[in-house]
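Asker:
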Amino acid sequence: MFDFIRFTPTDLPDLGFKSYVIFDGKCAIALTANNAKELREKLKKIKDNILVGVVGKNPEVCREAIMRKKVDILLDCIERELDYATIKLAAEKDVTIELGLSKFLKSNRSERLKLFDALRTEIKVINKFDTPFVVSSAAENMWEMRTRKQIEMFFSFFGCNILKARKSAERVVRRYFDKNYIMDGFEILE
Amino acid sequence: MRRELQSLIARDWIGLKVEVVESPNESEVGIAGEVVDETMWTLKIMTEKGLKIVAKKGRTFKVWFMEQVVKISGNLITFRPEDRIKRGLMLLKRAKGVKV
Numbered sequence: 004m005f006d007f008i009r010f011t012p013t014d015l016p017d018l019g020f021k022s023y024v025i026f027d028g029k030c031a032i033a034l035t036a037n038n039a040k041e042l043r044e045k046l047k048k049i050k051d052n053i054l055v056g057v058v059g060k061n062p063e064v065c066r067e068a069i070m071r072k073k074v075d076i077l078l079d080c081i082e083r084e085l086d087y088a089t090i091k092l093a094a095e096k097d098v099t100i101e102l103g104l105s106k107f108l109k110s111n112r113s114e115r116l117k118l119f120d121a122l123r124t125e126i127k128v129i130n131k132f133d134t135p136f137v138v139s140s141a142a143e144n145m146w147e148m149r150t151r152k153q154i155e156m157f158f159s160f161f162g163c164n165i166l167k168a169r170k171s172a173e174r175v176v177r178r179y180f181d182k183n184y185i186m187d188g189f190e191i192l193e
Numbered sequence: 047m048r049r050e051l052q053s054l055i056a057r058d059w060i061g062l063k064v065e066v067v068e069s070p071n072e073s074e075v076g077i078a079g080e081v082v083d084e085t086m087w088t089l090k091i092m093t094e095k096g097l098k099i100v101a102k103k104g105r106t107f108k109v110w111f112m113e114q115v116v117k118i119s120g121n122l123i124t125f126r127p128e129d130r131i132k133r134g135l136m137l138l139k140r141a142k143g144v145k146v
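Protein chains in written order, with this note's numbering: chain A, 4 to 193; chain B, 47 to 146.
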């Protein structure tokens with residue numbers, strides 16, 4: 004199981020993860036954009052062979068990100084709103100959706116309840132279309148990090164299939180960091 | 047080298063050494079030999095015990111190609127051999143993280 008984090012940690016204890024995917028611009032990059040045009044311009048500058056994540060703060064950016072071949076993962080944030088059509092499109096275009104824990108830690112009371120409601124709906128639609136998804140802490144600092152078991156138990160309460168999430172995470176990581184992996188169902192053994 | 051290995055999905059398999067690694071039918075696992083013919087849904091493999099016809103869908107094959115061993119899912123090659131040139135390249139172009 005891999006954790007997708009937004010900062011470079013130092014002196015981490017063993018939290019139960021196989022490894023961490025750090026969006027620092029070297030092996031993985033997280034893009035933020037206000038509109039589709041800005042996102043397209045940023046994507047043009049990115050080289051191949053790097054894991055690209057997009058922080059979708061509005062539905063227009065999410066939809067544009069999913070349509071792009073360069074984008075591998077749609078990162079989670081408080082402002083993100085995923086609708087039915089976007090999740091269905093993500094399944095067709097093979098873009099992984101991240102379900103992060105940090106937005107629940109940052110929110111309070113009624114805002115948190117609304118996020119829970121939205122999460123439950125998203126998970127229902129993800130399960131319906133078998134969209135690839137990952138569960139992670141989405142941590143921006145070390146205080147938001149949690150153990151693997153805590154994250155998995157939290158999301159499984161809302162109906163997530165954790166085994167599928169682990170498989171999707173492994174697929175995304177192997178694409179760029181495993182030399183013997185070509186694509187799903189196709190790999191070099193010797 | 048990697049790009050030539052990638053082309054395995056789009057090329058003809060007749061003459062290649064193949065072994066069935068995974069299959070919903072347990073008796074098919076372990077069938078190994080040379081591919082003598084190919085249709086849209088099946089591979090005809092000449093083994094020591096004779097000709098075996100194995101379906102492609104749902105199976106995983108080990109293929110010996112260019113001095114390397116490659117593991118490939120049968121679902122990726124379930125096309126007619128003559129169609130696979132175009133469809134195989136299309137699959138590779140659509141896959142993320144693959145340079146064609």
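Cβ coordinates follow ideal geometry from the N, Cα and C atoms, glycine included.
A quick note: this is a predicted structure, and the numbers were derived from the prediction, not measured.
Report the partner residues of residue 107 of chain B according to the DSSP bridge assignment.
Answerer: Sequence index remark: in the second sequence, residue 107 of chain B carries index 61 (1-based). Partner(s): B:66 and B:118.
Asker: Helix, strand or coil for residue 97 of chain B per DSSP?
Answerer: On the second sequence, residue 97 of chain B is found 51 positions in, with the first residue counted as 1. It is a strand residue.
Asker: Comparing the C-beta of residue 178 of chain A with each C-beta of chain B, is any distance below 8 angstroms?
Answerer: Within the first sequence, the letter at position 175 stands for residue 178 of chain A. Yes, residue 178 of chain A counts as interfacial toward chain B.
Asker: Could you tell me which residues DSSP puts in a beta bridge with residue 136 of chain A?
Answerer: As a first step, residue 136 of chain A must be located in the first sequence, where it is residue number 133. BP columns for residue 136 of chain A point to A:100.
Asker: Is the Cβ of residue 55 of chain B closer than 8 angstroms to any Cβ of chain A?
Answerer: The residue you call residue 55 of chain B lines up with position 9 of the second sequence. Yes, its Cβ sits closer than 8 angstroms to a Cβ of chain A.
Asker: List, in chain order, every chain B residue whose beta-carbon is nearer than 7 angstroms to that of residue 75 of chain A.
Answerer: Position 72 of the first sequence, counted from the first residue, corresponds to residue 75 of chain A. At a C-beta separation below 7 angstroms, residue 75 of chain A has these neighbours in chain B: 142.
Asker: Compare the C-beta of residue 188 of chain A against all C-beta atoms of chain B and say whether one is closer than 8 angstroms.
Answerer: Taking the first sequence and counting its residues from 1, the one referred to as residue 188 of chain A is at position 185. True, the Cβ-Cβ gap to chain B drops below 8 angstroms.
Asker: Can you find the residues in the same chain that come closer than 7 angstroms, C-beta to C-beta, to residue 66 of chain B, ignoring five residues on each side of it along the sequence?
Answerer: Start at 1 with the first residue of the second sequence, and residue 66 of chain B comes out as number 20. Only 74, 75, 76, 77, 100, 105 and 107 meet the Cβ criterion.
Asker: Just to confirm before moving on: does the CB-CB distance between residue 137 of chain A and residue 82 of chain A stay below 8 angstroms?
Answerer: Translated into positions along the first sequence, residue 137 of chain A becomes position 134. Translated into positions along the first sequence, residue 82 of chain A becomes position 79. Cβ atoms of residue 137 of chain A and residue 82 of chain A: not closer than 8 angstroms.
Asker: The beta strand (DSSP E) spanning residue 79 of chain B covers which residue range?
Answerer: As a position in the second sequence, residue 79 of chain B is number 33, starting the count at 1. Start and end: 78 to 84.
Asker: Residue 129 of chain B lies in the alpha helix (DSSP H); which residues open and close that run?
Answerer: Here the question's residue 129 of chain B lines up with position 83 in the second sequence. Note, residue 129 of chain B: alpha helix (DSSP H), 127 to 140.
Asker: In whole angstroms, what separates the C-alpha of residue 125 of chain A from that of residue 31 of chain A?
Answerer: If you number the first sequence from 1, residue 125 of chain A lands on position 122. If you number the first sequence from 1, residue 31 of chain A lands on position 28. Distance between the alpha carbons of residue 125 of chain A and residue 31 of chain A: 25 angstroms.
Asker: Determine the extent of the beta strand (DSSP E) in which residue 189 of chain A is found, giving its start and end residues.
Answerer: In the first sequence, residue 189 of chain A corresponds to position 186, counting from 1. Segment 189 to 191, the beta strand (DSSP E) holding residue 189 of chain A.
Asker: Grouping DSSP H, G and I as helix and E and B as strand, with all else coil, what is residue 22 of chain A?
Answerer: On the first sequence, residue 22 of chain A is found 19 positions in, with the first residue counted as 1. DSSP places residue 22 of chain A in strand when its eight states are reduced to three.
Asker: What does residue 192 of chain A touch in chain B if you count any residue whose Cβ is under 9 angstroms from its own?
Answerer: The sequence position of residue 192 of chain A within the first sequence is 189, counting from 1. Residues of chain B passing the Cβ test: 108, 114, 115, 116 and 117.
Asker: Write down the C-beta distance between residue 92 of chain A and residue 69 of chain A rounded to the nearest angstrom, noting that I regard them as a contact closer than 8 angstroms.
Answerer: Locating residue 92 of chain A in the first sequence gives position 89, where the first residue counts as 1. Locating residue 69 of chain A in the first sequence gives position 66, where the first residue counts as 1. Correct: roughly 5 angstroms between the Cβ atoms.
Asker: Kindly say whether residue 32 of chain A, judged by its beta-carbon, lies nearer than 8 angstroms to any beta-carbon of chain B.
Answerer: Position 29 of the first sequence holds residue 32 of chain A. So no, residue 32 of chain A is outside the interface.
Asker: Along the chain, where does the beta strand (DSSP E) that runs through residue 186 of chain A open and close?
Answerer: Residue numbering aside, residue 186 of chain A sits at position 183 when the first sequence is read from its first letter. Note, residue 186 of chain A: beta strand (DSSP E), 184 to 186.
Asker: Please tell me whether residue 135 of chain B has its Cβ less than 8 angstroms away from any Cβ of chain A.
Answerer: As a working mapping, residue 135 of chain B is identified with position 89 in the second sequence. Cβ-Cβ to chain A under 8 angstroms: no for residue 135 of chain B.
Asker: Assuming residue 5 of chain A is part of the beta strand (DSSP E), what are its boundary residues?
Answerer: Position 2 of the first sequence, counted from the start, is the residue given in the question as residue 5 of chain A. Its beta strand (DSSP E) spans residues 5 to 8.
Asker: Taking beta-carbon pairs under 9 angstroms, can you tell me which members of the region 10 to 29 of chain A lie near chain B?
Answerer: none
Asker: Can you list, in chain order, the residues of its chain with a C-beta nearer than 6 angstroms to that of residue 119 of chain B? Leave out the 5 residues immediately preceding and following it.
Answerer: Looking up residue 119 of chain B in the second sequence gives position 73. Taken in chain order, the residues that qualify are 106.
Asker: From which residue to which residue does the beta strand (DSSP E) around residue 57 of chain A run?
Answerer: Along the first sequence, read from residue 1 onward, the residue named residue 57 of chain A stands at position 54. Counting along the chain, residue 57 of chain A sits inside the beta strand (DSSP E) bounded by residues 54 to 58.
Asker: Between which two residues does the beta strand (DSSP E) holding residue 76 of chain A run?
Answerer: Walking along the first sequence from the start, residue 76 of chain A turns up at place 73. Run containing residue 76 of chain A: 76 to 78, per the beta strand (DSSP E) assignment.
Asker: What does the Cβ neighbour count give for residue 134 of chain A, buried or exposed, with the cut at 16 atoms within 10 Å?
Answerer: As a first step, residue 134 of chain A is located in the first sequence; it is residue number 131 there, counting from the start. Under this definition residue 134 of chain A is a buried residue.
Asker: Measure the beta-carbon distance from residue 81 of chain B to residue 59 of chain B and round it to whole angstroms, keeping in mind my assumption that it falls under 8 angstroms.
Answerer: Position 35 of the second sequence holds residue 81 of chain B. Position 13 of the second sequence holds residue 59 of chain B. The Cβ separation is near 5 angstroms, so the contact holds.
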